[in-house]
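The structure under discussion appears below in the form of structure tokens.
There are 2 protein chains.
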Amino acid sequence: MFYLVGLGLSEETDITVKGLEIVRKASRVYLEAYTSILLVDKTVLESFYGRPVIVADREMVESNSDEILHNAATEDVAFLVVGDPFGATTHTDIVLRARELNIPVGTVPNASIMSGIGAAGLQLYNFGQTVSMVFFTDSWRPASFYDRIKENRSIGLHTLVLLDIKVKEQSLENMARGRKIYEPPRYMSVGTCSTQMLEIEEEKGEGVYGPGSLAIGAARVGGKTEKFVAGTLKELCDADDLLGPPLHSLVLLGRRTHELEHDYVRQFAVNQETWDRIWKADYQGKQ
Amino acid sequence: MFYLVGLGLSEETDITVKGLEIVRKASRVYLEAYTSILLVDKTVLESFYGRPVIVADREMVESNSDEILHNAATEDVAFLVVGDPFGATTHTDIVLRARELNIPVGTVPNASIMSGIGAAGLQLYNFGQTVSMVFFTDSWRPASFYDRIKENRSIGLHTLVLLDIKVKEQSLENMARGRKIYEPPRYMSVGTCSTQMLEIEEEKGEGVYGPGSLAIGAARVGGKTEKFVAGTLKELCDADDLLGPPLHSLVLLGRRTHELEHDYVRQFAVNQETWDRIWKADYQGKQ
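Chains V and Y, in that order, are what the protein sequence lines are. So that you can map any letter, position 99 of the first sequence is 99 in full-length UniProt numbering, and since no number is skipped, the others follow by simple counting. So that you can map any letter, position 197 of the second sequence is 197 in full-length UniProt numbering, and since no number is skipped, the others follow by simple counting.
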């Protein structure tokens, strides 16, 4: 059987009891390590599981999935995914491939950032579609997130923004020369995300949001050092020191809010006076 | 410390290793048992945890939370929530109360239906706001879900519909007479939900959806007997036998879809020919 096992969001003990039983019994255990990361190293997982774990990079999963699925019709193979197996990214491709090969598939759900973000204190009911933010370069500044946020805000909904991570990436030069040398990993911060968002608003000028729009920066959601910082987008441009190390995410508020959310999120505000003033003017009682 | 511990969606082994450690060590363990249920009984949990569990009904949580929080500043108290602690319903109220009492709060995330529904094969990115469907009565047919679905569909998004559960409810007569006699639990099925949705569309006539709109019925998501049935809303009115026992949820598709989703969800179709024909006409390539 081929098992997709969610690992949750942060530490080795975030795996479920059901998931751990599968990992301990499987013939081979792969760790998908390019769409997200845990806050602990592979060695911590191996010592907790009491067995070796094979890191599966994008190339292996996307181009060589039959290697992962090898013999899974007769043996148990576990494929570990940070968060939920069908969460922040889908792994439907490898499941479809398994079905083609008549391999039975089991999944073990776990916390995903898309539900875990509820810990920031906003009702999950009122989130719209989720968007992704990639690192801008001089020549590549994809802004499709802007129209998505516009849609969400037009009907009053919050937007969860998932931030780029770059692991095992080659420089253009190394790629051109066919050298398998990889750059150090990079994780986008709330500060970079807020800055890029304001740059695109500046360019497009449609007033979808602005420097005074309220947002929440989230760091290490679900982990022991989980941290939320609430403020205006402008304030969040400079809040990385408060948030600390990766992973970060961001929520841009929609106008559909509840007084209880105000009270709850307020405790995370950079500046509670600013928070109260803008909340009252732009959010409170707006449906 | 006051811990909110997510139990995940179905069986006793869906708790995380971290959550189980807290449950085994805490002075008291409460189970919130009115917003959702696991697929196993309290006795199964007690035997798995090796300790008694106190059932917390709505009255206790909403009117008597200080009893739950008693001594939590000096002892560990665990409050178990099906799904994620901040998932399908929020428990921000009791957390705010704990903070007022200067009780430190910890949360242990877990799978929620709002992320677990990804197992149906639709990208979670493209879900809009979540709506709830309650049992209609002759005099009470709340239809606010209709406008929410309209908003989601206007921007191409899917809608997750969470279905009513009634546990520990009194009949009007017993309530009037002050008799603490409770009705047997009731769980809404996909068939009832689809029927109510079509009734409201019939009444409102705005064409937000119709009998031929595509949807997915989901049963026991994340459990060993998880089951999905895809079809038109009309087909889903009669699919309860295929889906089996509770809990059920429903997803109404938005037009923003991907070919991979077609292939994946198709395997669950009541009638693959109908599915393909409607998908091609109304969904494929629509952004």
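Even for Gly, the Cβ is constructed at its ideal location relative to N, Cα and C. Treat the numbers as computed from the prediction; the structure is a model and nothing was measured.
DSSP three-state call for residue 262/V: helix, strand or coil? Three-state DSSP puts residue 262/V in a helix.
Using 10 angstroms around the beta-carbon of residue 272/V, count the other beta-carbons present and answer buried if the total reaches 16, otherwise exposed. In this structure residue 272/V is exposed. Its beta-carbon is surrounded by fewer than 16 other beta-carbon atoms within 10 angstroms.
Run through the stretch 107-174 of chain V for me and flag every whole beta strand (DSSP E) of 3 or more residues, listed as ranges in chain order. For the stretch 107-174 of chain V, whole beta strand (DSSP E) runs of length 3 or above, ordered along the chain, are 131-133, 159-163.
CB contact check: residue 84/V to chain Y, cutoff 7 Å: Closer than 7 Å to some Cβ of chain Y, the Cβ of residue 84/V qualifies, so yes.
Kindly indicate which three-state DSSP category residue 13/Y falls into: helix, strand or coil? Three-state DSSP puts residue 13/Y in a helix.
Opening and closing residue of the beta strand (DSSP E) in which residue 80/V lies: Counting along the chain, the beta strand (DSSP E) containing residue 80/V begins and ends at 77-81.
At 4 residues or longer, and completely inside the stretch 176-227 of chain Y: list those alpha helix (DSSP H) runs for me, N to C. Runs found: 190-204.
Check the Cβ-Cβ distances between residue 233/Y and every residue of chain B, and say whether any is below 7 Å. Any reference to chain B falls outside this structure, whose protein chains are V and Y.
For residue 175/Y and residue 28/Y, I'd like the C-alpha separation in whole angstroms. One Cα belongs to residue 175/Y, the other to residue 28/Y, and the distance between them is close to 31 Å.
Report the rounded CA-to-CA distance for residue 167/V versus residue 247/V, giving the unit in angstroms. Answer to the nearest angstrom: the Cα atoms are 13 Å apart.
Determine, for residue 257/Y, whether the minimum Cβ-Cβ distance to residues of chain V falls below 7 Å. Any Cβ of chain V closer than 7 Å to the Cβ of residue 257/Y would place that residue at the interface, and such an atom is absent.
What residue does the beta strand (DSSP E) around residue 55/V start on, and which one ends it? Per DSSP, residue 55/V belongs to the beta strand (DSSP E) from 54-56.
What residue does the beta strand (DSSP E) around residue 251/V start on, and which one ends it? Residues 248-252.
For residue 121/Y and chain V, any beta-carbon pair shorter than 7 Å? Yes - at least one Cβ of chain V is within 7 Å of the one on residue 121/Y.
Rounded to whole angstroms, what's the CA-CA distance from residue 109/Y to residue 161/Y? Just pull it up for me. When rounded, the separation of the alpha-carbon atoms in residue 109/Y and residue 161/Y is 22 Å.
For residue 55/Y, which residues of its own chain have a beta-carbon under 8 Å away from its beta-carbon, when the five flanking residues on both sides are left out? Counting only Cβ-Cβ distances below 8 Å, and skipping sequence neighbours, we find 30, 31, 33, 42.
Does residue 48/V come out as helix, strand or coil in the three-state DSSP assignment? DSSP, read as helix, strand or coil, puts residue 48/V in helix.
With distances taken between CB atoms, is the gap from residue 124/V to residue 254/V smaller than 7 Å? Cβ atoms of residue 124/V and residue 254/V: not closer than 7 Å.
For residue 284/V, which option in 129/V, 5/V, 58/V, 262/V has the closest C-alpha, if you only look at C-alpha atoms? Looking only at 129/V, 5/V, 58/V, 262/V, the smallest Cα-Cα distance to residue 284/V is reached by 262/V.
Tell me whether residue 192/V is buried or exposed, calling it buried when 16 or more other Cβ atoms sit within 10 Å of its Cβ. Buried, because 16 or more other Cβ atoms sit within 10 Å of the Cβ of residue 192/V.
Under three-state DSSP, which class holds residue 33/V? Residue 33/V falls in the coil class under three-state DSSP.
Three-state class that DSSP yields for residue 232/V in the structure shown: Of the three classes helix, strand and coil, the one that applies to residue 232/V here is strand, per DSSP.
Run of the beta strand (DSSP E) containing residue 5/Y, from where it starts to where it stops: Per DSSP, residue 5/Y belongs to the beta strand (DSSP E) from 2-6.
Residue from 131/Y, 236/Y, 135/Y, 181/Y whose Cα sits closest to the Cα of residue 290/Y: Not covered by the structure: residue 290/Y. The range shown for chain Y is 1 to 287.
Under 7 Å, Cβ to Cβ, is there at least one residue of chain V near residue 109/Y? Taking a beta-carbon distance threshold of 7 Å, residue 109/Y counts as an interface residue toward chain V.
Secondary structure of residue 269/Y, DSSP reduced to three states: It is a strand residue.
List the residues of chain V that residue 8/Y touches, going by C-beta distances under 7 Å, in chain order. Under the 7 Å cutoff, chain V gives 16, 109.
What does residue 127/Y reach in chain V if we use C-beta pairs closer than 9 Å? What residue 127/Y touches in chain V: 114, 127, 128, 129, 130.
Give the residues from the stretch 197-224 of chain Y that approach chain V closer than 7 Å (Cβ to any Cβ), ordered along the chain. Flagged, chain order: 222.
Rounded C-alpha distance that separates residue 140/Y from residue 237/Y: When the Cα atoms are used, residue 140/Y and residue 237/Y turn out to be separated by approximately 21 Å.
Proximal chain Y residues relative to residue 260/V, where beta-carbon distance stays under 9 Å: 90, 92, 93, 96, listed in chain order.
For residue 215/Y versus residue 252/Y, is the C-beta distance shorter than 7 Å? For residue 215/Y and residue 252/Y, yes; Cβs fall inside 7 Å.
Whole-angstrom distance between residue 230/Y and residue 117/Y, CA atom to CA atom: So the two alpha carbons sit approximately 13 Å from each other.
Minimum C-alpha distance to residue 164/V - residue among 171/V, 182/V, 190/V, 177/V: If we check each option's Cα against that of residue 164/V, 190/V comes out closest.
Considering only the beta carbon of each residue, do residue 223/V and residue 101/V sit closer than 7 Å? Note that the C-beta distance between residue 223/V and residue 101/V is not below 7 Å.
Count the other CB atoms, across all protein chains shown, that sit within 10 Å of the CB of residue 18/Y; report buried if there are 16 or more and exposed otherwise. Residue 18/Y should be labelled buried.
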